[in-house]
Ligand SMILES: Cc1cc2nc3c(=O)[nH]c(=O)nc-3n(C[C@H](O)[C@H](O)[C@H](O)COP(=O)(O)O)c2cc1C
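In the working numbering, the protein residues as written are 323 to 631.
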């Protein structure tokens with residue numbers, strides 16, 4: 323009997339729906355024991371978010387500062403598994419605080435050790451650098467990354483910003499003003515994510531995950547958008563400076579850092595609405611000279627390879 327553990331955190335339930343669909347086939351198999359484990363925080367984040375809390379989560383998200391978790395003595399976490407599916411969302415270009423806290427907890431050292439892991443991402447559209455950070459945490463836990471499925475909002479970047487903000491601040495995943503598309507991962511992509519189940523099940527039974535990512539890619543598990551990669555990389559550099567500046571003003575509950583959080587929120591709007599179009603123009607101008615490195619990047623970031631520092 324094979325054992326599979328799905329570890330997830332999801333505020334809206336989107337990632338849980340995706341994870342359930344991906345594991346449909348595994349669930350139906352009599353030869354696999356499937357367990358879901360929800361990461362639980364001592365002080366959970368609100369959903370819907372208030373503006374203040376949303377921006378205040380930035381420094382700790384980006385600096386990957388862990389928070390306290392509960393339920394870590396759950397017997398589910400004391401077993402070893404043939405496969406772990408880690409379903410996570412991205413917060414500020416980094417794995418969300420709940421996921422980061424779980425991966426940094428000492429329980430993960432034992433749970434993940436020498437265990438094949440498939441990462442499942444459900445986010446707006448900027449996940450590539452977050453996945454690089456998750457890869458590092460998995461290496462630290464001696465896990466073996468064997469697959470990655472990244473589901474995103476497929477609408478153009480600016481539309482997805484408008485719709486996700488509305489979703490996060492109201493808690494309702496619906497068409498904003500009746501004219502914008504539904505935010506987040508589309509119902510169709512969520513429903514169709516069950517297509518990833520068969521190759522996962524096959525690899526599990528064969529005890530061979532070598533070709534799994536290739537098979538997942540053939541089913542559309544990952545789409546690398548070169549411009550988003552450029553934005554993600556650049557924004558990581560600037561976010562680092564902002565996060566350290568705000569962090570130097572005091573902890574999350576300190577009033578002293580609030581003016582800087584406010585400044586960051588203004589900067590974020592300027593970056594999205596004014597700087598991003600300029601970067602896009604530069605991206606187009608350098609499209610031909612960078613075609614080789616674009617190809618190389620596409621191949622690497624679609625894969626489960628891990629860069630050595
Ligand atoms: C504080 C915060 C920051 C976020 N930052 C990003 C981001 O940098 N990139 C991205 O693609 N999505 C980002 N998202 C969207 C999430 O990855 C995710 O799609 C959304 O929160 C729904 O996840 P859920 O399953 O927890 O409901 C952010 C969401 C929140 C709440």
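Positions of the beta carbon are idealized from the N, C-alpha and C atoms, including for glycine.
Just so we're clear, the structure is a prediction, and the values are computed from it rather than from any experiment.
Q. To which residues of the same chain is residue 445 closer than 7 Å at the C-beta, ignoring the five residues directly before and after it?
A. 411, 412, 474
(Q) According to DSSP, is residue 543 part of a helix, a strand, or is it coil? (A) coil
Q: Using three-state DSSP, classify residue 403 as helix, strand or coil.
A: coil
Q. So, is residue 477 buried or exposed, given that buried needs 16 or more other C-beta atoms within 10 angstroms?
A. buried
Q.
Taking 8 Å as the limit between beta carbons, can you name the residues of its chain near residue 546, skipping five residues before and five after?
A. 450, 619, 620, 623, 624
Q. Hey, residue 520 and residue 347: beta-carbon distance below 7 Å or not?
A. yes
Q: Using only the heavy atoms of ligand 1, determine whether one of them is closer than 6 Å to the beta carbon of residue 544.
A: no
**Q.** For residue 524 and residue 454, the rounded distance between their alpha carbons
**A.** 26 Å
Q) Among residues of its own chain, excluding the 5 on either side of residue 486, which ones have a beta-carbon nearer than 6 Å to its beta-carbon? A) 446, 505
Q: Determine the DSSP secondary structure at residue 378, reduced to helix, strand or coil.
A: helix
Q: May I ask you to verify whether the stretch 388 to 396 touches the stretch 416 to 434, counting CB pairs closer than 8 Å and requiring at least 3?
A: yes
(Q) Taking the straight line between their C-alpha atoms, what separation do you get for residue 616 and residue 548? (A) 7 Å
Q) Hey, how far is the Cα of residue 501 from the Cα of residue 343? A) 29 Å
Q. Helix, strand or coil: which one does DSSP assign to residue 503?
A. coil
Q: Pick out the complete alpha helix (DSSP H) segments inside the stretch 391 to 447, 4 residues or longer, and give them in chain order.
A: 419 to 426, 428 to 433
Q: Inspect the beta-carbon positions of residue 459 and residue 467 and report whether they are closer than 7 Å.
A: no
Q) What residue from 350, 331, 397 has the CA that sits closest to residue 366's CA? A) 331
Q.
Between residue 575 and ligand 1, is there a pair consisting of the residue's CB and a ligand heavy atom that are separated by less than 6 Å?
A. no
(Q) Please identify the residue among 327, 337, 329 whose C-alpha is closest to the C-alpha of residue 513. (A) 337
**Q.** Rounded Cβ spacing between residue 416 and residue 383 (contact assumed at less than 8 Å)
**A.** 5 Å
Q) residue 598: beta carbon under 6 Å from a heavy atom of ligand 1? A) no
Q) Quick one: Cα of residue 369 to Cα of residue 435, how far? A) 33 Å
Q) So what does residue 358 bridge to, in DSSP terms? A) 328
Q. Cβ of residue 583 within 7 Å of Cβ of residue 378?
A. yes
Q | DSSP bridge partner residues for residue 363 (one or two, in chain order) | A | 391
Q: On a CA-only basis, which of 497, 518, 598 is nearest residue 441? Give me that one, please.
A: 518
Q | Same chain only: Cβ atoms within 8 Å of residue 526, ignoring 5 sequence neighbours per side | A | 324, 326, 348, 354, 404, 405
Q) Nearest to residue 481 by CA position, among 394, 499, 414, is which residue? A) 499
Q) Heavy atom of ligand 1 less than 6 Å from the Cβ of residue 538, yes or no? A) no
Q. What did DSSP end up calling residue 385 once you bin it into helix, strand or coil?
A. coil
Q. Quick one: Cα of residue 552 to Cα of residue 494, how far?
A. 31 Å
Q: Can you tell me the Cβ-Cβ gap for residue 634 and residue 420, rounded? I've got them flagged as a contact below 8 Å.
A: Residue 634 is absent from the structure shown; the chain starts at 323 and stops at 631.
Q. Is it true that the CB of residue 577 sits closer than 7 Å to the CB of residue 659?
A. Residue numbering for the chain in the displayed model covers 323 to 631; residue 659 lies beyond these limits and cannot be assessed.
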